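Number of protein chains: 2
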Amino acid sequence: MQPNALGNNVITQIGLLVNDIEKTSEAYATFFGVEKPNWFWTDTADKAQTEYRGGPTEARAKLAFFDMGSLQLELIEPDHNPSTWRESLDRNGEGFHHIAFVIKGMQEKISLLEQGGMPLLQKGEYTGGRYAYLDSFKDLKVLIELLEND
Amino acid sequence: MQPNALGNNVITQIGLLVNDIEKTSEAYATFFGVEKPNWFWTDTADKAQTEYRGGPTEARAKLAFFDMGSLQLELIEPDHNPSTWRESLDRNGEGFHHIAFVIKGMQEKISLLEQGGMPLLQKGEYTGGRYAYLDSFKDLKVLIELLEND
Numbered sequence: 001m002q003p004n005a006l007g008n009n010v011i012t013q014i015g016l017l018v019n020d021i022e023k024t025s026e027a028y029a030t031f032f033g034v035e036k037p038n039w040f041w042t043d044t045a046d047k048a049q050t051e052y053r054g055g056p057t058e059a060r061a062k063l064a065f066f067d068m069g070s071l072q073l074e075l076i077e078p079d080h081n082p083s084t085w086r087e088s089l090d091r092n093g094e095g096f097h098h099i100a101f102v103i104k105g106m107q108e109k110i111s112l113l114e115q116g117g118m119p120l121l122q123k124g125e126y127t128g129g130r131y132a133y134l135d136s137f138k139d140l141k142v143l144i145e146l147l148e149n150d
Numbered sequence: 001m002q003p004n005a006l007g008n009n010v011i012t013q014i015g016l017l018v019n020d021i022e023k024t025s026e027a028y029a030t031f032f033g034v035e036k037p038n039w040f041w042t043d044t045a046d047k048a049q050t051e052y053r054g055g056p057t058e059a060r061a062k063l064a065f066f067d068m069g070s071l072q073l074e075l076i077e078p079d080h081n082p083s084t085w086r087e088s089l090d091r092n093g094e095g096f097h098h099i100a101f102v103i104k105g106m107q108e109k110i111s112l113l114e115q116g117g118m119p120l121l122q123k124g125e126y127t128g129g130r131y132a133y134l135d136s137f138k139d140l141k142v143l144i145e146l147l148e149n150d
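Quick look at the structure:
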């Protein structure tokens with residue numbers, strides 16, 4: 001792996017998988033003493049162009065975000081189509097899913113990480129940017145997500 | 001649960017369990033583009049006064065810390081005595097263990113959280129402070145750690 005291939009080493013987000021986003025959002029809102037954020041669906045496949053393990057998928061998820069200082073906590077309730085979210089939830093149950101980093105130049109970063117032994121697992125578009133999950137488990141013991149905002 | 005019982009909602013640390021702290025420290029040092037930190041053993045039981053599930057334990061762990069901006073990444077390689085570290089590593093394998101918050105007034109915070117349905121799982125002392133893990137999984141889907149520095 002090229003040292004600091006990302007060009008950034010600030011963890012910007014922690015992502016958690018949940019079965020009931022309403023219930024867990026409520027629990028975190030109380031725990032943090034903040035208002036419960038509204039959840040929303042990720043875009044449909046035509047917009048999100050989601051790919052999982054090399055092929056297109058219809059997968060979507062409900063997302064809710066808590067902005068706690070410099071770190072964002074993301075709650076993710078996936079639908080039943082194939083995705084890293086659904087696979088992890090089915091395999092490991094609710095809880096931790098990923099840590100995320102903001103980057104520039106998605107294709108270049110994905111290539112660098114793949115060359116370094118972290119294969120692309122899932123990617124997609126969202127309004128104003130795109131994301132990619134890399135299978136970094138072997139080296140880093142967690143999944144990482146790259147976020148690029150235009 | 002009393003809203004914002006902690007009096008703080010800034011996640012200060014993410015803790016990961018590993019089998020080989022040397023190897024995973026090396027991987028993170030390269031990934032982040034920083035020097036590999038030295039790991040060290042937690043204190044022996046006479047100093048640490050570690051309690052796990054209500055009783056004393058001889059458990060210790062090797063720890064290494066990466067300070068990445070406002071968030072600290074902690075790597076934990078536990079020994080084979082009973083602890084939340086060893087239990088989680090045996091049950092779930094390497095990877096995510098906890099998120100941590102800095103608090104003031106450990107006993108009061110533990111009482112508030114226990115009343116709110118988050119039982120104490122493990123606690124101990126370290127030079128300059130003390131920690132406690134609370135079983136917050138039912139509500140928050142992750143384990144939380146409280147850190148109090150004198």
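From first to last, the protein sequence lines stand for chains A and B. Quick note: the first sequence uses the UniProt record's numbering, first residue 1, plus one each step. Quick note: the second sequence uses the UniProt record's numbering, first residue 1, plus one each step. Just so it is clear, CB atoms sit at the ideal spot from N, CA and C, and this is done for glycine as well. Predicted model only: the values in this text are computed from it and were never measured.
Closest to residue i by C-alpha separation, out of the options, would be which residue?
i: A:Val34; options: B:Asn9, B:Gly95, B:Leu71; result: B:Asn9
i: A:Gln2; options: A:Gly124, A:Lys123, A:Gly116; result: A:Gly116
i: A:Leu17; options: A:Arg130, A:Ile76, A:Ala100, A:Tyr52; result: A:Ile76
i: A:Phe40; options: A:Asn4, A:Ala61, A:Phe137; result: A:Ala61
i: B:Asp135; options: B:Tyr52, B:Asp90, B:Thr44, B:Ser25; result: B:Tyr52
i: A:Gly15; options: B:Ile99, B:Thr44, B:Phe65; result: B:Ile99
i: A:Phe32; options: B:Leu63, B:Thr127, B:Asn149, B:Leu140; result: B:Leu140
i: A:Ser25; options: A:Phe66, A:Ile11, A:Leu120, A:Tyr126; result: A:Phe66
i: A:Met68; options: A:Arg91, A:Lys123, A:Ile103, A:Ile11; result: A:Ile11
i: A:Asn19; options: A:His80, A:Gln49, A:Leu147, A:Asp46; result: A:His80
i: A:Thr44; options: A:Tyr126, A:Gln107, A:Arg130, A:Phe137; result: A:Tyr126
i: A:Phe96; options: A:Glu114, A:Ile21, A:Val142, A:Gly128; result: A:Val142
i: B:Ala64; options: B:Gln122, B:Ala27, B:Asp90; result: B:Ala27
i: A:Trp85; options: A:Gly105, A:Asn38, A:Thr50; result: A:Thr50
i: A:Leu147; options: A:Gly124, A:Asn38, A:Glu22; result: A:Gly124
i: A:Leu113; options: B:Ala5, B:Thr30, B:Glu114; result: B:Thr30
i: A:Gly93; options: B:Ser70, B:Lys138, B:Asp90; result: B:Lys138
i: B:Gln103; options: B:Ile21, B:Ala48, B:Ala132; result: Residue identity check: residue 103 of chain B is Ile in the sequence provided, not Gln. Nearest option by C-alpha distance: B:Ala132.
Check the Cβ of residue i against every Cβ in chain A and list those closer than 8 Å, keeping chain order.
i: B:Ser88; result: Simply none; closest approach about 11 Å.
i: B:Leu71; result: Val10, Ile11, Ser70, Leu71
i: B:Ile99; result: Ile14
For a contact defined as C-beta to C-beta under 7 Å, what are the partners of residue i on chain A?
i: B:Tyr28; result: Leu140
i: B:Val18; result: Lys141
i: B:Phe96; result: Phe96, Val142
Which chain B residues are close to residue i, counting only those with a beta carbon under 7 Å from its beta carbon?
i: A:Pro3; result: Thr30, Gly33
List, in chain order, every chain B residue whose beta-carbon is nearer than 9 Å to that of residue i.
i: A:Thr24; result: Asp139, Leu140, Lys141
Given 7 Å as the limit, tell me if residue i has its C-beta closer than that to any heavy atom belonging to the ligand PLP.
i: A:Phe31; result: Among the components modelled here there is no ligand, and therefore nothing to report on the ligand PLP.
Any beta carbon of chain E sitting closer than 8 Å to that of residue i?
i: A:Gly116; result: No chain E is part of this structure, whose protein chains are labelled A and B.
(message) Quick check on the DSSP output: what are the complete beta strand (DSSP E) runs of length 3 or more inside the UniProt domain "VOC" (10-149) of chain B, in order along the chain?
(response) 13-17, 61-68, 71-78, 95-102, 120-126, 129-134, 143-149
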